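One rule links them: number in the working numbering = place in the sequence shown (from 1) + 649.
Take a look at the structure set out below.
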Amino acid sequence: MIRVAHVVEAMHQGGAESLVIEHVRLAAPDVHSTVIALNRGGPALEAAAAAGAETLLLGKGGARAQGLLRLARELRERRIDVVNAHNPIGATYGTVAARMAGVRAVVRTEHSIHYPGRGGRLYAFVEPVLTAMSDRVICVCEASRESHVARLGDHARRFVTILNGIADEPAPSADARDREAVRASLGVSPHQPLALTVGSLTVQKSQDVLLRGMAEAVKRVPEAVLLIAGEGKLEAELKALHAALGLGERVRFLGARLDVPDLMRACDLFVLSSSREGLSVTLLEAMRASRATLATAIGGNPEAVADGVNGRIVPGGEPAALGAALADLLADRAALAAFGEAGHRRWRERFTAERMVGTTEALYREVLARGS
650 MIRVAHVVEA MHQGGAESLV IEHVRLAAPD VHSTVIALNR GGPALEAAAA
700 AGAETLLLGK GGARAQGLLR LARELRERRI DVVNAHNPIG ATYGTVAARM
750 AGVRAVVRTE HSIHYPGRGG RLYAFVEPVL TAMSDRVICV CEASRESHVA
800 RLGDHARRFV TILNGIADEP APSADARDRE AVRASLGVSP HQPLALTVGS
850 LTVQKSQDVL LRGMAEAVKR VPEAVLLIAG EGKLEAELKA LHAALGLGER
900 VRFLGARLDV PDLMRACDLF VLSSSREGLS VTLLEAMRAS RATLATAIGG
950 NPEAVADGVN GRIVPGGEPA ALGAALADLL ADRAALAAFG EAGHRRWRER
1000 FTAERMVGTT EALYREVLAR GS
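Here it is in structure tokens:
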């Protein structure tokens, strides 16, 4: 039996959390999973438990000195063989605690390429030490691996790429609605061109660029509608920009939604305008749903979206380029359908959860074998 502990700062909701759940759900019969949240639990921690993991919430103080000592004790008492520590805080505490506890294999997963703000600068300072303490560092896209190797070349051999993957779309729930019903609920006709973006309303998602691009697109496709699903600290600022651009009913702010699969079925095009990204889970969900995709040339986006094959790739931070591509796609139903079908095939070939989990567990076994 291989005892694996995933250490994360929080297990509330989000892309990284959903990937941890897939690791639990698809674990091999001889892999026992524990998920440890340092500061915050929530729906994702409950889902991990439902998928078969032992779960632990350290709670208040989990990401402080006393939390580090407690985490090391928990790892030791649970006789953990492998720690997989995710993102800056989880990686910092998980890596150090694993070494304190004498864990046999320490793996870190980087879900982004770089991290902003004061916390990001602090992480960049300690990252070389954490990398030296790690047996392997998983990067969720090749762009991330290349970026890390450029910064930390002395440890290049430790970095490996394992692409994010997601499972088959779950069976529709009893209250799932079909495409026409969802559109009707939003006041969108069956034949209106409909674009969708999903994500937190934050600087890294650059919805301001998308709004400015949409203002250009509707000059050519005036009947088009854009749905923005998500919430965040920039909501008021983005709504003010929406008003200033005179977009009116062309753009709908939906807030946080639990029916994203329904929204995916209803839309014609999924858009990701990020200025910072690893490999977006939501982008993969759009491909799985056979939706055409439009994304910025940031991080792992071009690894998921092959320009001209299953969607379009445009430069980040350029509203004019994004708007032109939006208009081109929303005006061309044949291209939307062809890109959607190609995207589904690409997801099936490269981005399944089964491939991600199997490759990751093979890495665990390799590291353990070398240390035995």
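No residue lacks a Cβ here, since even glycine has one placed at the ideal position from N, Cα and C.
Computed from a predicted structure; not experimentally measured.
**Prompt:** Between the beta-carbon of A740 and the beta-carbon of A746, is there less than 8 Å?
**Reply:** Locating residue 740 in the sequence shown gives position 91, counting from the first residue. Locating residue 746 in the sequence shown gives position 97, counting from the first residue. No; because the gap between Cβ atoms is not below 8 Å, this pair is not in contact.
**Straight-line Cα distance separating I815 from I738** = What you label residue 738 is simply residue 89 of the sequence shown in a count that begins at 1. What you label residue 815 is simply residue 166 of the sequence shown in a count that begins at 1. Each residue's Cα considered, the two are about 24 Å apart.
**Prompt:** In its own chain, which residues sit with a C-beta less than 6 Å from the C-beta of S1021, not counting the 5 before and 5 after it?
**Reply:** Mapped onto the sequence shown, residue 1021 falls at position 372. Confidence at S1021 is low in this model, with a pLDDT of 48, below 50, so the placement of that residue is unreliable and no value is reported for it.
**Asked** For D817, does the three-state DSSP call read helix, strand or coil?
**Response** Here residue 817 refers to the residue found at position 168 when the sequence shown is read from its first residue. Coil.
**Request:** Could you tell me which residues DSSP pairs with L843 in its beta bridges?
**Result:** By one-based count along the sequence shown, residue 843 stands at place 194. DSSP lists V874 as partners of L843.
**Message:** Taking the alpha carbon of L675 as the reference point, which residue from R770, A700, L779 and R826 has its own alpha carbon closest?
**Reply:** Along the sequence shown, one-based indexing puts residue 675 at 26. That would be A700, whose Cα lies nearest to the Cα of L675.
**Request:** Compute the Euclidean distance between the alpha carbons of V656 and I877, then round it to the nearest angstrom.
**Result:** By one-based count along the sequence shown, residue 656 stands at place 7. By one-based count along the sequence shown, residue 877 stands at place 228. Looking at the two C-alpha atoms, the distance is approximately 31 Å.
**Message:** Between which two residues does the alpha helix (DSSP H) holding R674 run?
**Reply:** For the purposes of this step, residue 674 is taken as residue 25 along the sequence shown, with counting starting at 1. It spans G664 to R674 - the alpha helix (DSSP H) in which R674 sits, taken as one unbroken run.
**Span separating the alpha-carbon of A714 from that of L890** = For the purposes of this step, residue 714 is taken as residue 65 along the sequence shown, with counting starting at 1. For the purposes of this step, residue 890 is taken as residue 241 along the sequence shown, with counting starting at 1. Going by the C-alpha atoms only, they are around 43 Å apart.
**Message:** Using only the alpha-carbon positions, how far apart do P842 and L875 sit?
**Reply:** On the sequence shown, position 193 is the one that residue 842 refers to. On the sequence shown, position 226 is the one that residue 875 refers to. The straight-line gap from Cα to Cα measures roughly 9 Å.
**Prompt:** So who's on the other strand from N733, going by DSSP bridges?
**Reply:** Position 84 of the sequence shown, counted from the first residue, corresponds to residue 733. N733 pairs with H655 and V756.
**Message:** Starting from R901, trace the beta strand (DSSP E) in both directions and tell me its first and last residue.
**Reply:** Within the sequence shown, residue 901 is the residue found at index 252, counting from 1. From DSSP, the beta strand (DSSP E) with R901 extends over V900 to G904.
**Prompt:** How big is the Cα-Cα spacing for S838 and K868?
**Reply:** For this step, residue 838 is matched to residue 189 along the sequence shown. For this step, residue 868 is matched to residue 219 along the sequence shown. Answer to the nearest angstrom: the Cα atoms are 19 Å apart.
**Request:** Hey, could you find the ends of the alpha helix (DSSP H) R1004 is sitting in?
**Result:** To locate residue 1004, count along the sequence shown from 1; it is residue 355. A1002 to G1020 is the extent of the alpha helix (DSSP H) around R1004.
**Item:** Cβ contact check for the region 896-907 and the region 1008-1021: 3 or more pairs under 8 Å
**Value:** no
**Item:** Uninterrupted alpha helix (DSSP H) stretches inside the region 939-988 (no shorter than 4 residues)
**Value:** 950-953 and 968-979
**Message:** Given this structure, state the Cα-to-Cα distance separating G716 from S849, to the nearest angstrom.
**Reply:** Mapped onto the sequence shown, residue 716 falls at position 67. Mapped onto the sequence shown, residue 849 falls at position 200. If you take the alpha carbons of G716 and S849, they lie about 28 Å apart.
**Prompt:** Is the Cβ-Cβ distance between S923 and S834 less than 8 Å?
**Reply:** Mapped onto the sequence shown, residue 923 falls at position 274. Mapped onto the sequence shown, residue 834 falls at position 185. Their beta carbons are not under 8 Å apart, which means S923 does not touch S834 by this criterion.
**Request:** Assign E880 to one of three DSSP states: helix, strand, or coil.
**Result:** Numbered from its first residue, the sequence shown carries residue 880 at position 231. Three-state result, E880: coil.
**Message:** So, with DSSP's three-state summary, where would you put S923?
**Reply:** The residue you call residue 923 lines up with position 274 of the sequence shown. S923 falls in the coil class under three-state DSSP.
**Prompt:** Under three-state DSSP, which class holds A801?
**Reply:** To locate residue 801, count along the sequence shown from 1; it is residue 152. Contrary to the premise, residue 801 reads as Leu rather than Ala in this sequence. Correct three-state label for L801: coil.
**Request:** Identify whether R785 lies in helix, strand or coil by the three-state DSSP scheme.
**Result:** Here the question's residue 785 lines up with position 136 in the sequence shown. It is a strand residue.
**Asked** Between the region 687-694 and the region 972-991, are three or more C-beta pairs nearer than 8 Å?
**Response** no
**Prompt:** Looking at the unbroken beta strand (DSSP E) that takes in A677, where does it start and where does it end?
**Reply:** In the sequence shown, counting from the first residue as 1, residue 677 sits at position 28. Taken as a continuous stretch (DSSP letters only), A677 belongs to no beta strand (DSSP E), as it is neither H nor E.
**Message:** For A969, which residues in the same chain have their Cβ closer than 8 Å to its Cβ, ignoring the five residues on either side in sequence?
**Reply:** Position 320 of the sequence shown holds residue 969. Correct list, in chain order: G862 and E865.
**Prompt:** Any idea which residues DSSP pairs T741 with across the strands?
**Reply:** Within the sequence shown, the letter at position 92 stands for residue 741. DSSP output for T741 lists no bridge partner at all.
**Item:** The beta strand (DSSP E) enclosing V809, as first and last residue numbers
**Value:** Working through the sequence shown from its first residue, we reach residue 809 at position 160. Taken as a continuous stretch (DSSP letters only), the beta strand (DSSP E) holding V809 covers F808 to T810.
**Request:** Can you tell me the Cβ-Cβ gap for L860 and L896, rounded? I've got them flagged as a contact below 8 Å.
**Result:** Locating residue 860 in the sequence shown gives position 211, where the first residue counts as 1. Locating residue 896 in the sequence shown gives position 247, where the first residue counts as 1. That pair is a contact at about 7 Å.
**Request:** Take I762 as the anchor and find which of E884, R925, D917 and D827 has the nearest alpha-carbon.
**Result:** Numbered from its first residue, the sequence shown carries residue 762 at position 113. Ranking E884, R925, D917 and D827 by Cα distance to I762 puts R925 first.
**Request:** Enumerate in chain order the residues of its own chain whose CB-to-CB distance from V954 is below 6 Å, with the five nearest sequence positions on each side excluded.
**Result:** Residue mapping note: residue 954 aligns to position 305 of the sequence shown, counting from 1. Counting only Cβ-Cβ distances below 6 Å, and skipping sequence neighbours, we find T942, A944, G960 and I962.
**C788 beta carbon less than 8 Å from that of F1038** = Lying before the first or after the last residue shown, residue 1038 is absent from the chain, which here runs from 650 to 1021.
**Prompt:** Tell me the DSSP bridge mates of A686?
**Reply:** Stepping through the sequence shown from its first residue, residue 686 is reached at position 37. Partner(s): V657 and L706.
**Request:** Under 8 Å Cβ to Cβ from G888, same chain only, skipping five residues before and after it: list those, please.
**Result:** Position 239 of the sequence shown holds residue 888. For clarity, residue 888 is Lys in the given sequence; the question names Gly instead. Once the five neighbours on either side are set aside, the close Cβ partners of K888 are F902.
**Message:** Using a Cβ-based criterion (distance less than 7 Å to any ligand heavy atom), does G897 qualify as near the ligand FMN?
**Reply:** The ligand FMN is not part of this structure, which contains no ligands at all.
**Message:** Tell me which residues share the same chain as L912 and place their Cβ nearer than 7 Å to its Cβ, disregarding the 5 neighbours each side in the sequence.
**Reply:** As a position in the sequence shown, residue 912 is number 263, starting the count at 1. Excluding residues within five positions, the ones whose Cβ falls inside 7 Å are V831, L845, L876, A878 and R906.
**Request:** Spell out the partners DSSP gives H681 in its beta bridges.
**Result:** Translated into the one-based positions of the sequence shown, residue 681 becomes position 32. DSSP output for H681 lists R652 as bridge partner(s).
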